[in-house]
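Engineer:
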Ligand code: MSP
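Numbering (this note's numbering), first residue to last: 375 to 849.
(1) Straight-line CA distance for residue 743 to residue 798?
(2) Count the other CB atoms, across all protein chains shown, that sit within 10 Å of the CB of residue 685; report buried if there are 16 or more and exposed otherwise.
(3) If distances are taken between C-alpha atoms only, which option among 733, 633, 725 comes closest to residue 774?
(4) Exposed or buried, which one is residue 433 when buried takes at least 16 other CB atoms within 10 Å?
(5) Per DSSP, residue 625 forms a beta bridge with which residues?
(6) For the beta strand (DSSP E) that residue 660 lies in, which residues bound it at each end?
(7) Answer yes or no: the CB of residue 596 versus the heavy atoms of the ligand MSP, is any distance below 7 Å?
(8) How far does the alpha helix (DSSP H) with residue 818 in it reach, from first residue to last?
(9) I need the straight-line Cα distance from residue 669 to residue 708, nearest angstrom please.
(10) If the criterion is Cβ atoms closer than 8 Å, does the pair residue 842 and residue 693 meet it?
(11) Given residue 453, which residues of its chain have a CB within under 6 Å of its CB, disregarding the five upstream and five downstream residues?
(12) Spell out the partners DSSP gives residue 436 in its beta bridges.
(13) Identify the residues that DSSP records as bridge partners of residue 487: which are they?
(14) What does DSSP give as the partner residue(s) for residue 503 in the beta ladder?
(15) Pull the bridge partners of residue 668 from the DSSP assignment, please.
(16) Which word fits residue 388, buried or exposed, when buried means at least 16 other C-beta atoms lie within 10 angstroms of its C-beta?
(17) Within the same chain, show all residues whose beta-carbon is closer than 6 Å to that of residue 552, passing over the 5 residues directly before and after it, in chain order.
(18) Would residue 411 be called buried (16 or more neighbouring beta carbons within 10 Å of its own) or exposed?
(19) Is DSSP giving residue 550 helix, strand or coil here?
(20) Kindly examine the ligand MSP and report whether one of its heavy atoms sits closer than 7 Å to the Cβ of residue 718.
(21) Please confirm whether any heavy atom of the ligand MSP lies closer than 7 Å to the CB of residue 394.
(22) Looking at residue 588 and residue 325, is the spacing between their C-beta atoms short of 8 Å?
(23) Counting only the same chain and skipping the five closest in sequence on each side, list residues whose C-beta sits under 7 Å from that of residue 785.
(24) Determine the DSSP secondary structure at residue 528, reduced to helix, strand or coil.
(25) With a threshold of 16 other CB atoms inside 10 Å of the CB of residue 536, please say whether the residue is buried or exposed.
(26) If we count Cβ pairs, one from each stretch, closer than 8 Å, do we get three or more for the segment 647-664 versus the segment 552-572?
(27) Residue 662 to residue 484, Cα distance in whole Å?
(28) Which one or two residues does DSSP pair with residue 421 in a beta bridge?
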């Protein structure tokens, strides 16, 4: 069995911020879980490198757009590595191969493309058109970018969405294309009802940095078209052997944030149907990372740089907080206070101490080896298959806490005095194999910790030994 997982490609106009980590981590946990259960996984990542935001930023910095994206793409790649996220494919939208494939895709979409003039409102922050009613509802100012909408009149190419609406609706309601969490499917269905045809190009005069429209030197592809098709071009479409491509694409699970779900659930399926391709199996949309319930922003001074957390506490601690305390589907807070409480109270206390305690007891009582057969409990497998990762992590943590209680009840340290010395090896075997079972479930979330704990308990060779330094030193 094969599965193809995709992550949204961030704009390469700056350094990675904390919210970017979520797409990568969720996809990585799923990848690791699938791999453990015998599925071969491709995981794609990349950077979105065209558009006015990038062009303007480069001008502001006095560099060329290419120089800017080269630097930022390298930064994103190393950020993904720092998160211990393993991707198999990486695409930059300025790659020559991507741009060429983009143009071929455009040609294939010809029957669904027409030219027309747009007269209306536009937000340069969203790089998108705004309907008269949205403009009026927002008092003429973009709520996300706090900038007044501009009036625009220009010629564009359009993709006919209208003809695909029924098929998209049917795919969502029948679950052929599942939208997670379920409640977002209804939002998408509502948006779909009134979705206009989409503009898929800009005159070169208003967009200077993009993929040229084939056979029209005055037009450049709209950034979202160039960006969305990355999920295909990274697999070599349309040049790749069809059978290989179709098998993979037919298994796609796409990880995106809730803010870009509408692009992925309406425009993207229309493109795919226009190309005669299958729709993705799942669009998994996560919530946002906030600071005390509000958006992180430079002006509020509440921005946390992800690398500050990683440098101080390490990747495992970062993954712990992001995968357990940032709810997989709902908006959640990242603050230093909450992070540190979780690190000290849970990772260091509940888990670090548990490992130290059991290793100590084993060594003191001459237990040097245990038997261990990895198994995954049905409940855990069910939650993980449903891609409810923070719930999956909560389930595992419940088991960690239960094991701590079991040790407190069984009190192996008191057994000698009680004259029950003969029972110690069996009790220790029992407790340690439970720990190893829990540890095995932690593997997709905390891969390095999982390995270290197996080393401590001799699963990877040697005898049980007490770690010289605690797994998670208290801060
Ligand atoms: N370039 C587009 C995506 C194109 S995909 C074909 C884009 N880039 S982005 O940099 O703005 O966002 C990239 C991803 O990060 C998106 O999934 C987005 O939802 C996610 N996040 C950006 N800020 C976020 C938070 N504060 N919290 C969680 N995720 C958020 O959109």
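C-beta atoms are modelled at their ideal positions from N, C-alpha and C, and glycine is treated no differently. Bear in mind the structure is a predicted one, so any value in this text is a computation, not a measurement.
Structural biologist: From the atom records:
(1) 13 Å
(2) exposed
(3) 725
(4) exposed
(5) None; residue 625 has no bridge partner.
(6) 656-660
(7) no
(8) First-last for residue 818: undefined, no H or E at that position.
(9) 10 Å
(10) no
(11) 390
(12) Bridge partners of residue 436: none, in fact.
(13) 533
(14) 496
(15) 665
(16) exposed
(17) 656
(18) exposed
(19) coil
(20) no
(21) yes
(22) Since the displayed the chain opens at 375 and closes at 849, residue 325 lies outside it and no answer follows.
(23) none
(24) strand
(25) exposed
(26) yes
(27) 36 Å
(28) 466
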